[in-house]
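Data first, discussion second: the structure below is written as structure tokens.
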Amino acid sequence: MYAQMIASEATTEDPQKLAEFQARIDADIKVEPRDWMPQGYRKTLIRQIGQHAHSEIVGQLPEGNWITRAPTLERKMILLAKVQDEAGHGLYLYAAAETLGVSRDELTEMLLDGRMKYSSIFNYPTLNWADIGAVGWLVDGAAIMNQVPLQRTSYGPYSRAMIRICKEESFHQRQGFDIMMKMAQGTDAQKKMAQDALNRLWYPSLMMFGPSDADSVHSTQNMAWKIKMNTNDELRQKFVDQTVPQAEFLGLTIPDEHLTWNEAKGGYDYSDPDWTEFFEVLKGNGPCNADRMEARNKAWDDGAWVRDGLMAHAEKKRAAQTAAQ
Amino acid sequence: MSKEWPLWEIFIRGQHGLSHRHVGSLHAPDAEMAIKNARDVYTRRNEGVSIWVVEANNIAASSPSDKGPLYEPSESKVYRHPTFYDIPDDVGHM
Numbered sequence: 001m002y003a004q005m006i007a008s009e010a011t012t013e014d015p016q017k018l019a020e021f022q023a024r025i026d027a028d029i030k031v032e033p034r035d036w037m038p039q040g041y042r043k044t045l046i047r048q049i050g051q052h053a054h055s056e057i058v059g060q061l062p063e064g065n066w067i068t069r070a071p072t073l074e075r076k077m078i079l080l081a082k083v084q085d086e087a088g089h090g091l092y093l094y095a096a097a098e099t100l101g102v103s104r105d106e107l108t109e110m111l112l113d114g115r116m117k118y119s120s121i122f123n124y125p126t127l128n129w130a131d132i133g134a135v136g137w138l139v140d141g142a143a144i145m146n147q148v149p150l151q152r153t154s155y156g157p158y159s160r161a162m163i164r165i166c167k168e169e170s171f172h173q174r175q176g177f178d179i180m181m182k183m184a185q186g187t188d189a190q191k192k193m194a195q196d197a198l199n200r201l202w203y204p205s206l207m208m209f210g211p212s213d214a215d216s217v218h219s220t221q222n223m224a225w226k227i228k229m230n231t232n233d234e235l236r237q238k239f240v241d242q243t244v245p246q247a248e249f250l251g252l253t254i255p256d257e258h259l260t261w262n263e264a265k266g267g268y269d270y271s272d273p274d275w276t277e278f279f280e281v282l283k284g285n286g287p288c289n290a291d292r293m294e295a296r297n298k299a300w301d302d303g304a305w306v307r308d309g310l311m312a313h314a315e316k317k318r319a320a321q322t323a324a325q
Numbered sequence: 001m002s003k004e005w006p007l008w009e010i011f012i013r014g015q016h017g018l019s020h021r022h023v024g025s026l027h028a029p030d031a032e033m034a035i036k037n038a039r040d041v042y043t044r045r046n047e048g049v050s051i052w053v054v055e056a057n058n059i060a061a062s063s064p065s066d067k068g069p070l071y072e073p074s075e076s077k078v079y080r081h082p083t084f085y086d087i088p089d090d091v092g093h094m
């Protein structure tokens with residue numbers, strides 16, 4: 001899902017080297033930073049891991065929006081811990097991307113000037129407290145669906161980052177579901193808020209898996225290189241099948257009148273999200289795109305003097321140490 | 001653009017671990033901040049009791065293309081393994 005619309009890059013290397021590389025991929029040997037790899041593989045991964053990292057960072061904003069307004073102290077502490085985890089996930093992922101020969105600041109600048117994207121989901125607003133529950137339950141649920149197979153992705157540093165992240169992600173999904181349970185079993189007003197959160201976040205969550213396979217021209221090469229392990233539609237189907245019974249448990253209704261169990265395929269039939277809306281959000285025209293980028297740019301610009309100050313202090317200390325030796 | 005903070009590699013020894021293990025990397029202006037950040041990022045759930053940080057510049061690594069010449073010779077030296085030797089059963093446990 002962090003590969004929403006990432007084109008795989010054309011590659012024009014020596015056919016023999018490419019064949020050897022493919023043979024290693026097929027034998028499930030992990031690619032490591034100092035191994036030879038096709039330029040297209042390297043570029044695709046920089047974009048995918050970079051955008052995955054950006055998503056963790058921008059994803060702190062919709063949830064951070066409710067930290068000061070969390071309804072109980074316990075919920076507030078949990079939310080703080082979760083947002084702190086997201087920062088850590090961004091860190092692991094930037095470190096993985098850097099092993100491909102790009103620097104974290106370069107990636108950040110590409111995000112800030114719009115050359116790189118982040119997951120479409122974080123362009124939706126969090127309008128009530130139940131949204132924080134729905135984000136944990138649905139958004140982190142979709143993230144896990146996507147990240148569990150990525151633990152077997154062909155690039156070693158990316159796969160190891162995923163293993164680490166998946167452990168923490170399941171904490172996030174559970175805390176979200178816990179909020180939803182409380183709200184759905186609460187007063188009428190609370191239940192209404194929970195249903196409203198599900199209504200607004202259901203389709204944006206389905207969009208996280210990227211466009212339908214019919215429209216996704218980029219998957220073939222990425223699947224062959226095992227950068228991507230499953231198609232968008234496979235993962236989306238799995239997500240729907242897992243989530244519908246959870247909604248039923250909560251006594252909430254999925255906002256899709258065509259949702260029906262299909263005995264023959266052993267899964268649910270569901271309506272596709274509005275793909276026009278999806279492409280508009282990716283282009284920067286979603287409800288919060290401008291706000292999110294403005295917040296990130298402001299933090300980066302306003303923080304410049306702090307970063308420079310710490311660096312100047314470190315250099316001064318190092319110089320003093322060297323002089324003393 | 002201002003100067004980028006250097007990259008640090010982080011090693012952590014677990015509660016009952018015998019040795020420090022590489023767990024990841026991070027950017028920090030100096031060693032002190034690197035340790036503080038490593039503490040927050042890598043030991044938030046009781047992962048360890050000791051942290052080493054090393055600036056990535058200071059690490060030299062073997063090259064993947066050396067794999068053959070570096071490791072192959074040891075495969076022909078089975079006599080380095082204790083299981084190479086036949087000790088009569090009568091001798092008992094050794």
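Going line by line, the protein sequences match chains A and B. For the first sequence, counting from 1, position 254 maps to 254 in this note's numbering; every step adds exactly one. For the second sequence, counting from 1, position 84 maps to 84 in this note's numbering; every step adds exactly one. By construction, the Cβ of each residue, glycine as well, lies at the ideal position given by its N, Cα and C atoms.
A/Ala312: buried (16+ other C-beta within 10 angstroms of its C-beta) or exposed?
exposed
Which same chain residues end up closer than 7 Å to B/Arg13 when comparing Cβ atoms and leaving out the 5 residues on each side of it in sequence?
Taken in chain order, the residues that qualify are Ser19, His20, Gly48, Val49 and Ser50.
Are the segment 100-118 of chain A and the segment 50-60 of chain A touching by the rule of at least three beta carbon pairs closer than 8 Å?
yes
CB of B/Ala38 within 8 Å of CB of B/Val54, strictly:
no
Between B/Met1 and the rest of its own chain, which residues show a CB-CB distance below 7 Å, the 5 nearest in sequence each way excluded?
With a pLDDT of 48 at B/Met1, under the threshold of 50, the modelled position of that residue is not reliable, and the figure given next carries that caveat. Correct list: empty, nothing qualifies.
Can you pull the chain B residues whose beta carbon is under 7 Å from the beta carbon of A/Ser103, in chain order?
Glu4
Cβ-based neighbour list, A/Gly114, same chain, cut-off 6 Å, excluding 5 preceding and 5 following
Cβ within range, chain order: n/a, list empty.
Name, please, each residue of chain B whose Cβ falls closer than 8 Å to the Cβ of A/Glu98.
Leu7 and Ser25
What three-state label does DSSP hand A/Asn262 in the structure shown?
strand
Using beta carbons (cut-off 8 Å, strictly below), is A/Lys317 in contact with chain B?
yes
Residue from A/Asp178, A/Phe239 and A/Ala143 with nearest C-alpha to A/Cys166:
A/Ala143
Are there 16 or more other CB atoms within 10 angstroms of the CB of A/Pro38, so buried, or fewer, so exposed?
buried
So what does B/Ile12 bridge to, in DSSP terms?
B/Arg21 and B/Ile51
Check the C-beta distance from A/Gly369 over to A/Ser120 and give it rounded, since I have them as a contact under 8 Å.
Missing from the structure shown is residue 369 of chain A; chain A here goes from 1 to 325 and no further.
Tell me whether A/Val31 sits in a helix, a strand or coil according to DSSP, three-state version.
strand
Which value, in whole angstroms, describes the spacing of the CA atoms of A/Gln321 and A/Leu206?
55 Å
Is there a Cβ of chain A sitting closer than 8 Å to that of B/Ala61, yes or no?
So yes, B/Ala61 belongs to the interface.
Taking CB distances under 8 Å as the criterion, tell me whether A/Glu32 reaches chain B.
By this cut-off, A/Glu32 is an interface position.
Opening and closing residue of the alpha helix (DSSP H) in which A/Asp241 lies:
Asn232 to Leu250
What does DSSP give as the partner residues of B/Leu26 in its beta bridges?
DSSP lists B/Trp8 as partners of B/Leu26.
Mind reading off the beta-carbon distance from B/His27 to B/Leu7? Whole number of angstroms is fine, and I expect it under 8 Å.
6 Å
Check the DSSP bridge columns for A/Asp158 and list the partner residues they point to.
Reading the sequence as shown, one finds Tyr at residue 158 of chain A and not Asp. In DSSP, A/Tyr158 forms no bridge with anything.
Distance between A/Lys76 and A/Gln48 (C-alpha atoms, nearest Å):
So the alpha carbons of these two residues sit roughly 32 Å apart.
Of the residues A/Ser159, A/Gly136 and A/Asp291, the one placed nearest B/Gly24, counting alpha carbons only
The option with the nearest alpha carbon to B/Gly24 is A/Ser159.
Would you tell me roughly how many angstroms separate the C-alpha atoms of A/Asn230 and A/Ala189, rounded to the nearest one?
40 Å
Check for me: the beta strand (DSSP E) holding A/Gly284 runs from which residue to which?
Looking at the DSSP string, A/Gly284 is not in any beta strand (DSSP E), and its letter there is neither H nor E.
Mapping DSSP to helix, strand and coil, what is A/Asp256?
In the structure shown, the three-state DSSP call for A/Asp256 is coil.
CB-CB under 6 Å to A/Glu20, same chain, minus the five flanking residues each way: which ones, in chain order?
none
Just to confirm before moving on: does the CB-CB distance between A/Trp275 and A/Tyr268 stay below 8 Å?
no
Closer than 7 Å between beta carbons: that is the criterion. Which residues of the segment 74-92 of chain A meet it against chain B?
Gly88, Leu91 and Tyr92
On the DSSP bridge list, what partners appear for A/Gly267?
A/Asn262
Identify whether A/Tyr124 lies in helix, strand or coil by the three-state DSSP scheme.
coil
3 or more residues per run - each beta strand (DSSP E) lying fully within the segment 82-154 of chain A
none
Secondary structure at A/Pro62, three-state DSSP: helix, strand or coil?
helix
Apply the 10 Å Cβ neighbour rule to B/Gly17 and answer buried if 16 or more other Cβ atoms are within range, or exposed otherwise.
exposed
In chain order, what residues of the same chain lie with their CB nearer than 6 Å to the CB of A/Val240, ignoring the 5 residues before and after it?
Tyr268 and Tyr270
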